[in-house]
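>
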Amino acid sequence: MLTKKLGLLLVLLHLSLIGFGQSDDALKADIDQGKMMVRIAELEIGTDYLDEYLEILKEESEASLRLEPGVICIYPMFQKENPTQIRLLEIYANKEAYESHLKTPHFQMYKTTTAEMVKDLKLIDMKAIDPESMSMVFDKIN
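Read left to right, the sequence shown gives residues -23 to -1, 1 to 119 (mature numbering (1 follows the signal peptide of the UniProt record, and there is no 0)).
#1: Using CA coordinates, which residue listed in G47, H78, L65, A70 is at the minimum distance from P53?
#2: Span of the beta strand (DSSP E) holding G18?
#3: Under the three-state reduction of DSSP, which class applies to M94: helix, strand or coil?
#4: Which residue comes first and which comes last in the alpha helix (DSSP H) that contains E37?
#5: Can you tell me whether K117 is buried or exposed? The criterion is at least 16 other CB atoms within 10 Å of its CB, across all chains shown.
#6: In terms of residue numbering, what span does the beta strand (DSSP E) encompassing I68 cover?
#7: Using DSSP bridges, identify the partner residues of Q56.
#8: What does V48 pair with, by DSSP beta-bridge criteria?
#9: For L(-15) and A40, what's the separation of their Cα atoms in angstroms?
#10: Which residues bound the alpha helix (DSSP H) around S112?
#11: State yes or no: is the C-beta of I63 within less than 7 Å of the C-beta of I49?
#12: For M13 versus P108, is the C-beta distance shorter than 7 Å?
Right, here's the structure in full:
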């Protein structure tokens, strides 16, 4: 596990030096124009891998939010009665932000290190009913 953490640290350091993605103004414009990409990911994790998977997922989702301006939300959660059933609410400023996310070293590390842990994966594209009120959700947290 220490090797994985060191590898992730090096990847994150590299990303902080190179930067990537659209300008903040362009991302805000896409959000304001309703171009957000919203998805729910449904995963089933093997029981033997649950603790390790959760640790890796927490690191990846935090890095995505911190390093990628186009990642608006990656909110991981699990079912109370069945913790191997993971759900992620993912919101990206636009499709380009999502595609950029898939190419990042931290996502690639997550994907390769958890491949054998994931028993099932469903990606469900969603459409926001009221994207204009989205900012109110996040304002309440502050």
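We put the beta carbon where it would ideally sit given N, CA and C, even for glycine.
Checking against the coordinates, here is how it stands:
#1: In the sequence shown, the residue the question calls residue 53 occupies position 76. Here the closest residue by C-alpha is L65.
#2: Translated into positions along the sequence shown, residue 18 becomes position 41. The question names Gly, but residue 18 is Ala in the sequence shown. Segment 14 to 22, the beta strand (DSSP E) holding A18.
#3: Numbered from 1 along the sequence shown, position 117 holds the residue referred to as residue 94. DSSP places M94 in coil when its eight states are reduced to three.
#4: Counting from one through the sequence shown, the residue named residue 37 turns up at place 60. Where E37 is concerned, the enclosing alpha helix (DSSP H) stretches over 27 to 44.
#5: Taking the first residue of the sequence shown as 1, we reach residue 117 at position 140. Exposed: under 16 other Cβ atoms inside 10 Å.
#6: Within the sequence shown, numbered from 1, the residue matching residue 68 stands at position 91. Start and end: 59 to 69.
#7: Locating residue 56 in the sequence shown gives position 79, where the first residue counts as 1. According to DSSP, which records beta bridges pairwise, Q56 is partnered with N59.
#8: Residue mapping note: residue 48 aligns to position 71 of the sequence shown, counting from 1. For V48, which the question treats as bridged, DSSP gives the partners Y69.
#9: Here residue -15 refers to the residue found at position 9 of the sequence shown. Here residue 40 refers to the residue found at position 63 of the sequence shown. The pLDDT assigned to L(-15) is 38, lower than 50, so where the model puts this residue is not dependable; a value taken from the coordinates is nonetheless given after this. Rounded to the nearest angstrom, the two C-alpha atoms are 10 Å apart.
#10: Your numbering for residue 112 matches position 135 in the sequence shown. It spans 111 to 118 - the alpha helix (DSSP H) in which S112 sits, taken as one unbroken run.
#11: Numbered from its first residue, the sequence shown carries residue 63 at position 86. Numbered from its first residue, the sequence shown carries residue 49 at position 72. No.
#12: Your numbering for residue 13 matches position 36 in the sequence shown. Your numbering for residue 108 matches position 131 in the sequence shown. The answer is yes: Cβ separation under 7 Å.
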